[in-house]
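Going by my numbering, the sequence shown opens with residue 93, and the numbers climb by one from there. Here is the structure we will look at.
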Amino acid sequence: MPIYKAPLEDMRFVLHELYDSKTIAELPGCEDFTPELMDSVLEEAAKFTQEVLFPLNQVGDLEGCTYENGVVRTPTGFKEAYKGFCEGGWTAMGSSPEFGGQGMPVAPAMLVEEMLCSSNVAFGLYPGLTHGAYLSIYHHGSEEQKQTYLPNMVSGKWSGTMCLTEAHCGTDLGMLRTKAVPNADGSYSITGAKIFISAGEHDLTENIIHLVLARLPDAPSGVKGISLFVVPKFMVKDDGSLGQRNGVQCTSIEHKMGIKGSATCSLAFEDAKGWMIGEPNKGMRAMFTMMNTERLSVGIQGLGVAEVAYQNAANYARERIQGRSLTGVKNPGKPADPIIVHPDVRRMLLTMRAYIEGCRALSGWVAREIDILQRSTSEDAKLISDDFTALLTPVVKAFFTDLGFEITSSALQCYGGHGYVRDHGMEQYVRDARISMIYEGANGVQALDLVGRKLPQDGGRLLTRFLDPVLEFIDANGDAEMAPFIEPLQTALEHLQIATGYIMEAGMSNHDEIGAASVDYLRLFGLVALGFMWARMAKIALPKAAGSEFYTAKIGTAKFYMQRLLPQTGALLSAIQSGSETMMEFAAEAF
Ligand SMILES: Cc1cc2nc3c(=O)[nH]c(=O)nc-3n(C[C@H](O)[C@H](O)[C@H](O)COP(=O)(O)OP(=O)(O)OC[C@H]3O[C@@H](n4cnc5c(N)ncnc54)[C@H](O)[C@@H]3O)c2cc1C
Numbered sequence: 093m094p095i096y097k098a099p100l101e102d103m104r105f106v107l108h109e110l111y112d113s114k115t116i117a118e119l120p121g122c123e124d125f126t127p128e129l130m131d132s133v134l135e136e137a138a139k140f141t142q143e144v145l146f147p148l149n150q151v152g153d154l155e156g157c158t159y160e161n162g163v164v165r166t167p168t169g170f171k172e173a174y175k176g177f178c179e180g181g182w183t184a185m186g187s188s189p190e191f192g193g194q195g196m197p198v199a200p201a202m203l204v205e206e207m208l209c210s211s212n213v214a215f216g217l218y219p220g221l222t223h224g225a226y227l228s229i230y231h232h233g234s235e236e237q238k239q240t241y242l243p244n245m246v247s248g249k250w251s252g253t254m255c256l257t258e259a260h261c262g263t264d265l266g267m268l269r270t271k272a273v274p275n276a277d278g279s280y281s282i283t284g285a286k287i288f289i290s291a292g293e294h295d296l297t298e299n300i301i302h303l304v305l306a307r308l309p310d311a312p313s314g315v316k317g318i319s320l321f322v323v324p325k326f327m328v329k330d331d332g333s334l335g336q337r338n339g340v341q342c343t344s345i346e347h348k349m350g351i352k353g354s355a356t357c358s359l360a361f362e363d364a365k366g367w368m369i370g371e372p373n374k375g376m377r378a379m380f381t382m383m384n385t386e387r388l389s390v391g392i393q394g395l396g397v398a399e400v401a402y403q404n405a406a407n408y409a410r411e412r413i414q415g416r417s418l419t420g421v422k423n424p425g426k427p428a429d430p431i432i433v434h435p436d437v438r439r440m441l442l443t444m445r446a447y448i449e450g451c452r453a454l455s456g457w458v459a460r461e462i463d464i465l466q467r468s469t470s471e472d473a474k475l476i477s478d479d480f481t482a483l484l485t486p487v488v489k490a491f492f493t494d495l496g497f498e499i500t501s502s503a504l505q506c507y508g509g510h511g512y513v514r515d516h517g518m519e520q521y522v523r524d525a526r527i528s529m530i531y532e533g534a535n536g537v538q539a540l541d542l543v544g545r546k547l548p549q550d551g552g553r554l555l556t557r558f559l560d561p562v563l564e565f566i567d568a569n570g571d572a573e574m575a576p577f578i579e580p581l582q583t584a585l586e587h588l589q590i591a592t593g594y595i596m597e598a599g600m601s602n603h604d605e606i607g608a609a610s611v612d613y614l615r616l617f618g619l620v621a622l623g624f625m626w627a628r629m630a631k632i633a634l635p636k637a638a639g640s641e642f643y644t645a646k647i648g649t650a651k652f653y654m655q656r657l658l659p660q661t662g663a664l665l666s667a668i669q670s671g672s673e674t675m676m677e678f679a680a681e682a683f
């Protein structure tokens, strides 16, 4: 049986020491969220995820969801766990008090989300999508729509979905065909078929609020002709009670590689009654509110699943005895040494750990900027945070999820054949982690967003929001003690700057240069960002290391990251500078 213990010590380190949680509590509306309260929220979340959600993770995988005549049932225990989740107030965590939410800042909420993903990522999708749908209605819906839907979505009584994908269009939503025909009463009749809709039908909530992208009869072609509609499964009467069933049916669920406890549904809309959210043909804008939140959440899925896989691998490596240490017997009383003595096993474990803690630190930075963006009274501070979040969203989504898959695979490797078979639960983590590289925009498309849109945006201003603090930190830390961290960071940062200049120049005359470089560039960016995180963490840990296992390990992991992982930036730069020729000259028939 796998184990999971929420990494509270590291989470507290990120929240309080790296980002000084007191400054978050000073933001308007966050006054109640003192560092002490944030700690108790984390402790309660740890208890719930460890004791309630984690034991259902394997059950969910083994049973999956079932479909019968349009009805979808979630795996054994999910209903009760969901009830407990709502009663504990977890669905209301990040929502506005105006609609019954707790108004919790994102900084602690994102750590709770990580625990959710570590303990049971398939379960986490249900409330996760609801919160995304809540945000779209909250930011773009009419007052009436907010009053009709939000209180019950915040309490968890109703859930939400995001209905974009159709069989012929996933990445390229401009091709979508679902129609919305206006009715005399101001509503619309929605007709079309959506596929792959997470939580599209299930037995956890009384109602499901679908957010559906569709086209008006006179809409321009492409993404400029898409509008967003709210389509409830059950109509909501004026007094708030549920009325008749709307024209939306689940026609099947997918049989898939992982996240089997999450129902992935085909939905048929036949003259379903819907109401427009926001303006006609501006649906992508409203949907992006949901998609950007979901992209960060999907990045956290990569991190969360990686964390639980790492914990198990480290545990197993201490116990499994196999072979002898290359430098002499370490376990004379036993016929073999534990595999943790082998350098390659240590390489795998430290690689996982350095990436995981680096990603947690980076997600803390993003969370803090979102809090500033949402609550600061300073327009200048908000602009910086807005730029920074926009720049980092594709990095968190793609880099974290690429690493999530790599880490779960390495964790399985630590188990040898015992990881490949079902008993230890490790193969589930690999399968569960894989989807996060695909949904919410495939990782290759995230890389295009970073390089093709975010880098050139506003004359390159977004990138400076990242580069400036890194350069400032390097300038301020020229002492000998920090040199082992600053020097590799400086080299990697130069690689990033050269790569940026190369792509911007080469991309002007040949757009394939942008596409050819983008995935390598995003990884290079992610590595530098984690390099900065590790240098900052080392700086905090150095004066506290004597006699402390935690801070000593931080410094050791920082050194490993700087010496063994960050140098990948050199190879990535070289690949980027080789240009697009080798891939684009290859004839399509030759593949
Ligand atoms: C389990 C699961 C749950 C999902 N949940 C939802 C949901 O709740 N709501 C929803 O609307 N959708 C959902 N999806 C759909 C998901 O978002 C899409 O599968 C995804 O966006 C990719 O679309 P596609 O599968 O049509 O692949 P395609 O668009 O056909 O792309 C195939 C591959 O081609 C590449 N590619 C495509 N276009 C480009 C490009 N412009 N540049 C570079 N490379 C490119 C990418 O590598 C991509 O992986 C879910 C899917 C799954 C499997």
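Even for Gly, the Cβ is constructed at its ideal location relative to N, Cα and C.
Query                                                                                                                                                                      : Result
Could you tell me whether any non-hydrogen atom of ligand 1 is closer than 7 Å to the CB of Glu532?                                                                        : yes
So who's on the other strand from Thr253, going by DSSP bridges?                                                                                                           : His302
Assuming Arg523 and Gly350 form a contact by the criterion Cβ under 8 Å, report the distance between their Cβ atoms to the nearest whole angstrom.                         : 3 Å
Are the beta-carbon atoms belonging to Ser279 and Trp367 less than 8 Å from one another?                                                                                   : yes
Measuring only from the beta carbon, is Lys651 closer than 7 Å to any heavy atom that is part of ligand 3?                                                                 : With respect to small molecules bound, the structure shown includes ligand 1 and not ligand 3.
Where are the beta strand (DSSP E) runs, 3 residues long or more, that stay fully inside the segment 113-173, in chain order?                                              : 158-160 and 163-165
Would a check of beta-carbon distances place Tyr512 closer than 8 Å to chain D?                                                                                            : The chain inventory of the structure shown lacks chain D, comprising one protein chain alone.
For the segment 291-302 and the segment 320-337, state whether three or more C-beta atom pairs, one from each stretch, are separated by less than 8 Å.                     : yes
Do you know how far the Cα of Thr419 is from the Cα of Ala534?                                                                                                             : 45 Å
When the distance is taken between beta carbons, is Gly262 closer than 8 Å to Thr222?                                                                                      : no
In angstroms with no decimal places, state the Cα-to-Cα distance between Ala428 and Glu101.                                                                                : 33 Å
With DSSP as the reference, label Ala378 as helix, strand or coil.                                                                                                         : helix
For ligand 1, is there a heavy atom less than 7 Å away from the beta-carbon of Val537?                                                                                     : yes
Could you pull out every residue in the same chain whose Cβ sits closer than 8 Å to the Cβ of Ser410, ignoring the five residues on either side in sequence?               : According to the sequence shown, residue 410 is Arg rather than Ser. Contacts found: Pro430 and Ile432.
How many whole angstroms separate the CB atoms of Glu346 and Phe288, which I take to be in contact at a CB cut-off of 8 Å?                                                 : 7 Å
Secondary structure at Gly465, three-state DSSP: helix, strand or coil?                                                                                                    : Residue identity check: residue 465 is Leu in the sequence provided, not Gly. It is helical.
Would you say the beta carbon of Cys157 comes nearer than 7 Å to a heavy atom of ligand 1?                                                                                 : no
Spatial neighbours of Gln669 within its chain, please: CB distance less than 6 Å, with the 5 preceding and 5 following residues excluded, ordered by chain position.       : Tyr594
Could you say if the segment 626-646 and the segment 599-614 meet the contact criterion of at least three C-beta pairs nearer than 8 Å?                                    : no
Grouping DSSP H, G and I as helix and E and B as strand, with all else coil, what is Lys271?                                                                               : strand
According to DSSP, is Arg337 part of a helix, a strand, or is it coil?                                                                                                     : strand
Between Arg467 and Glu109, what straight-line distance do the alpha-carbon atoms span, to the nearest angstrom?                                                            : 21 Å
Measuring CA to CA, which of Lys422, Thr257, Ala276 and Thr356 is closest to Val163?                                                                                       : Thr356
Let me confirm a value: Leu275 is counted as buried when at least 16 other C-beta atoms fall within 10 Å, else exposed. Which label applies?                               : Residue identity check: residue 275 is Asn in the sequence provided, not Leu. The residue in question, Asn275, is exposed, as its Cβ has fewer than 16 Cβ neighbours within 10 Å.
Under the three-state reduction of DSSP, which class applies to Val322: helix, strand or coil?                                                                             : strand
Within the same chain, show all residues whose beta-carbon is closer than 7 Å to that of Leu227, passing over the 5 residues directly before and after it, in chain order. : Thr381, Met382 and Thr385
Can you give me the Cβ contacts of Gln341 inside the same chain, cut-off strictly under 6 Å, excluding the 5 residues immediately before and after it?                     : Gly162 and Ala360
To the nearest angstrom, report how far apart Lys651 and Leu581 are at their CA atoms.                                                                                     : 11 Å
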